[in-house]
Amino acid sequence: MKDIQKAARIIQEGGLVAFPTETVYGLGADALNPMAVAKIFEVKNRPQFDPLIVHVADLRQAEILVTSFPKEALKLAELFWPGPLTLVLPKSSQVPDLVTSALPTVALRVPDHPLAQELIRESGRPIAAPSANLFGQVSPTNADHVRQTFGNKVEMILDGGPCRVGVESTVVAWMTSGPVMLRPGGISLEEIESVIGKVDLHIGTEDKPLAPGLLTQHYSPKTPISFFDQRTRFQSGLKIGFLAFRQNNTSVPIQAIEVLSTQGDLRVAAANLFAALRRLDNEGLDLILCEAVPEEGLGRAINDRLRKACGPR
Ligand code: TXA
Ligand code: MG
Numbered sequence: 010m011k012d013i014q015k016a017a018r019i020i021q022e023g024g025l026v027a028f029p030t031e032t033v034y035g036l037g038a039d040a041l042n043p044m045a046v047a048k049i050f051e052v053k054n055r056p057q058f059d060p061l062i063v064h065v066a067d068l069r070q071a072e073i074l075v076t077s078f079p080k081e082a083l084k085l086a087e088l089f090w091p092g093p094l095t096l097v098l099p100k101s102s103q104v105p106d107l108v109t110s111a112l113p114t115v116a117l118r119v120p121d122h123p124l125a126q127e128l129i130r131e132s133g134r135p136i137a138a139p140s141a142n143l144f145g146q147v148s149p150t151n152a153d154h155v156r157q158t159f160g161n162k163v164e165m166i167l168d169g170g171p172c173r174v175g176v177e178s179t180v181v182a183w184m185t186s187g188p189v190m191l192r193p194g195g196i197s198l199e200e201i202e203s204v205i206g207k208v209d210l211h212i213g214t215e216d217k218p219l220a221p222g223l224l225t226q227h228y229s230p231k232t233p234i235s236f237f238d239q240r241t242r243f244q245s246g247l248k249i250g251f252l253a254f255r256q257n258n259t260s261v262p263i264q265a266i267e268v269l270s271t272q273g274d275l276r277v278a279a280a281n282l283f284a285a286l287r288r289l290d291n292e293g294l295d296l297i298l299c300e301a302v303p304e305e306g307l308g309r310a311i312n313d314r315l316r317k318a319c320g321p322r
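Position 102 of the sequence shown, counted from 1, bears residue number 111 in this note's numbering, the numbering being contiguous throughout.
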């Protein structure tokens, strides 16, 4: 049996399969099977108030899971699917409450990776999948990252190589006031606004996050991490690593460095971000320093992940 057929069978039988998407690796289960979905929360250690994204093969399969599709959402879907865009829409009764944390909406996306596409089509099921990392930790962008965390806890890990985009999908929801971007991601705000005009940005508050991915602390390495500030004085002997955008801008002695893109290309930087963070996290450092990138295009998603990695613990 081919790997993809084996994986599809596991999904049909209510098991978990980790699979590649163009953004990050996902931890997938049959979205219409609450028992299977419950396993995702358990294995990930994810609180049940944090709803999952449902992955579908195409717009037609998405339409079955919602009660309405706002015109602007349809435009975005037609332009950016398959791709790193998640649309939050009113859910149909088919979608179990566990998937959406009992919200009246469901988050949908059509992933642009051949293995993800094949898994959905071969299993014939919409696939609920969060990023394949433990809750609050750094997202996985290659199969080794997933193996290190879930090696024997999932039935199968499909290896599709490193993820092309490297940061999660952009999440857009329709509130009474119109479209709101809940999470910056692989499709930039500029791209979205060029199609549907002004989009509100959701400013997360800690006690009432609209999307729990907006919790102020997330995406965190085990090593303490903070933004570099010229004025900070460090005690001598500290082992410090630097997560740089283009080059070493620090004035302090560092033991390790990861450069996201020497050319200053935000797409390259996004693709390198999580793997670089994980490598620094494995260096036995006392502290990781990082720096913000330009707040434009994919830079918004990168800065969002860095701010959350640095958030209060
Ligand atoms: O790129 C991605 O989106 C990856 C790949 C695997 O597709 N998935 C991903 O899933 O990042 P996860 O679970 O790590 O993040 C899903 C985000 C969370 O912030 C969650 O709160 C939000 O989507 N979300 C899901 N359903 C929602 C809903 N009904 N309303 C508001 N936010 C929702
Ligand atoms: Mg995640």
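Even glycine gets a Cβ: it sits at the ideal position worked out from N, Cα and C.
As the structure is a prediction and not an experimental result, all values here were calculated from the model.
Item, Value
"For Leu117, which option in Thr95, Asn281 and Gly133 has the closest C-alpha, if you only look at C-alpha atoms?", "Thr95"
"Quick check: Arg134 and Ile49, are their CB atoms within less than 8 angstroms of each other?", "no"
"Would you call the stretch 179 to 194 in contact with the stretch 34 to 45, where contact means no fewer than 3 C-beta pairs closer than 8 angstroms?", "no"
"Use the C-beta contact count for Phe243: other C-beta atoms within 10 angstroms, 16 or more gives buried, fewer gives exposed.", "exposed"
"Suppose only complete runs of 3+ residues qualify. What are the beta strand (DSSP E) ranges in the stretch 220 to 293, listed by chain order?", "234 to 236, 249 to 253 and 265 to 268"
"Buried or exposed for Ser235, please, with buried defined as at least 16 other CB atoms from any protein chain shown within 10 angstroms of its CB.", "exposed"
"Is the Cβ of Gly195 closer than 8 angstroms to any Cβ of chain D?", "Structure shown: chain D not included; a single protein chain is present."
"What runs of the beta strand (DSSP E), each 3 residues or longer, lie entirely inside the stretch 128 to 187?", "179 to 184"
"Can you give the Cα-Cα distance for Gly250 and Pro233, rounded to whole angstroms?", "10 angstroms"
"Does the ligand TXA have a heavy atom nearer than 7 angstroms to the CB of Gly133?", "no"
"Let me confirm a value: Thr30 is counted as buried when at least 16 other C-beta atoms fall within 10 Å, else exposed. Which label applies?", "buried"
"Determine the contact status of Leu198 and Arg309, defining contact as a CB-CB distance below 8 angstroms.", "yes"
"Keeping to the same chain, check which residues put their C-beta closer than 8 angstroms to that of Arg130; ignore five residues upstream and five downstream.", "Ala66"
"Could you check if Ile136 belongs to the surroundings of the ligand TXA, using beta carbon to heavy atom distance under 7 angstroms?", "no"
"Does Leu88 come out as helix, strand or coil in the three-state DSSP assignment?", "helix"
"Which of the three DSSP states is assigned to Asp209 in this structure?", "strand"
"According to the Cβ coordinates, are Asp286 and Leu307 closer than 8 angstroms?", "According to the sequence shown, residue 286 is Leu rather than Asp. No, these two residues do not count as a Cβ contact at 8 angstroms."
"Considering only the alpha carbon of each residue, which of Lys162, Pro171 and Leu210 lies closest to Thr179?", "Leu210"
"Per DSSP, what are the beta-bridge partners of Ala47 in this structure?", "DSSP lists no partner for Ala47."
"Given this structure, state the Cα-to-Cα distance separating Leu88 from Gln126, to the nearest angstrom.", "17 angstroms"
"With a threshold of 7 angstroms (Cβ to nearest heavy atom), would Glu177 be considered close to the ligand HEM?", "This structure does not include the ligand HEM; its bound ligands are the ligand TXA and the ligand MG."
"Taking C-beta to C-beta, are Tyr228 and Val147 nearer than 8 angstroms?", "yes"
"Helix, strand or coil for Leu296? Go by DSSP, reduced to three states.", "strand"
"Taking 8 angstroms as the cut-off, decide whether the C-beta atoms of Ser77 and Pro99 are in contact.", "yes"
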